[in-house]
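Numbering (the UniProt record's numbering), first residue to last: 1 to 211.
Everything on this sheet refers to the single structure shown next.
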């Protein structure tokens, strides 16, 4: 199944003309509940020529999600087989036991052929990809307007108080990496934050250079 999903993504790349420049890898990070997927949807609906690269996960699909957005959903056995094959740029197993990982061959193919890709990734994963692809990665951090707003957002989507507490505990760690990010967007208003993300993506995608 994983092979077929990745194959479909590569076919989408091949449908476009190869660009005579390096590809950009836009990595969007931020605390859980900050609105990363909402902003990604906003930007992808408005910016042409940038492909969403889903991470691969073993967590259950949630209502409103689909295979390929926001993730490729696979079994734990399939994921562990991919670990053994060295198929991930980075991967992790979180407190719930679920795996998350970024498919390395797809990234290499896209960047070598001049395609711009975007994904969401936690701060530790972003640091790894910045070290691996320093000329290609454009790190973008989505920050909450304040902690109380973030707490309310988490409470609206997660009923388990223990899960909410664990996610809030990570926020200080995640915010400690903000200085590593080239761009920081405060998501205090969807329209404003979405337009800022679109502006950043177009700045690189249209010019073909880091600024």
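Backbone N, C-alpha and C define an ideal beta-carbon position, used for all residues, glycine too.
These numbers were taken from a predicted model, which means no experiment stands behind them.
Which ranges would you report for the alpha helix (DSSP H) in the region 132-181 if only whole runs of at least 4 residues count?
Segments of the alpha helix (DSSP H) lying fully in the region 132-181: 147-157 and 161-175.
Near residue 198, which residues of its chain fall below 8 Å by C-beta distance, leaving aside the five closest residues on each side in sequence?
By the criterion of a C-beta distance shorter than 8 Å, residue 198 is surrounded in its chain by 42, 43, 46 and 47, once the five residues flanking it on both sides are discounted.
Could you spell out the range, first to last residue, of the beta strand (DSSP E) harbouring residue 117?
Note, residue 117: beta strand (DSSP E), 116-120.
Hey, how far is the Cα of residue 49 from the Cα of residue 112?
Cα to Cα, the separation comes out at about 15 Å.
What span of residues does the beta strand (DSSP E) with residue 70 cover, start to end?
Under the DSSP assignment, residue 70 falls in the beta strand (DSSP E) whose first and last residues are 70-73.
What separation, rounded to the nearest whole angstrom, lies between the Cα atoms of residue 162 and residue 206?
Between residue 162 and residue 206, the alpha-carbon positions lie close to 44 Å from each other.
Short check: CB of residue 184 to CB of residue 141, under 7 Å?
Contact: yes.
Could you compute how far the alpha carbon of residue 152 sits from the alpha carbon of residue 171?
Taking the straight line joining both Cα atoms gives about 14 Å.
For residue 231, which of 55, 70 and 132 has the nearest alpha-carbon?
This structure cannot speak to residue 231, because the chain is shown only from 1 to 211.
Cβ shell of residue 215 (< 6 Å), same chain only, five flanking positions each side left out:
For the chain, the structure presents residues 1 to 211; residue 215 sits outside this window and is missing.
First through last residue of the alpha helix (DSSP H) which encompasses residue 56
Under the DSSP assignment, residue 56 falls outside any alpha helix (DSSP H), being part of the beta strand (DSSP E) whose first and last residues are 55-57.
Considering only DSSP beta bridges, list what residue 184 is partnered with.
Answer is 141, bridged to residue 184.
Put residue 49 into one of helix, strand or coil per three-state DSSP.
Residue 49: coil per DSSP, three-state reduction.
Please name the residue, chosen from 20, 27, 32 and 21, that lies closest to residue 173 on a Cα-to-Cα basis.
Of 20, 27, 32 and 21, the residue nearest in Cα terms is 32.
Quick check on DSSP: helix, strand or coil for residue 65?
Collapsing the DSSP output to three states places residue 65 in coil.
Thinking just about the alpha-carbon of each residue, which of 117, 96, 80 and 66 is nearest to the one in residue 160?
Closest option to residue 160, Cα to Cα, is 96.
Just confirm the distance between the C-beta atoms of residue 117 and residue 190, as a whole number of angstroms; I'd bet it's less than 8 Å.
No, residue 117 and residue 190 are not in contact; Cβ-Cβ is about 23 Å, not under 8 Å.
What are the residues that DSSP puts in a beta bridge with residue 99?
Paired residues: 93.
Less than 7 Å between the C-beta atoms of residue 28 and residue 98, yes or no?
The answer is no: Cβ separation not under 7 Å.
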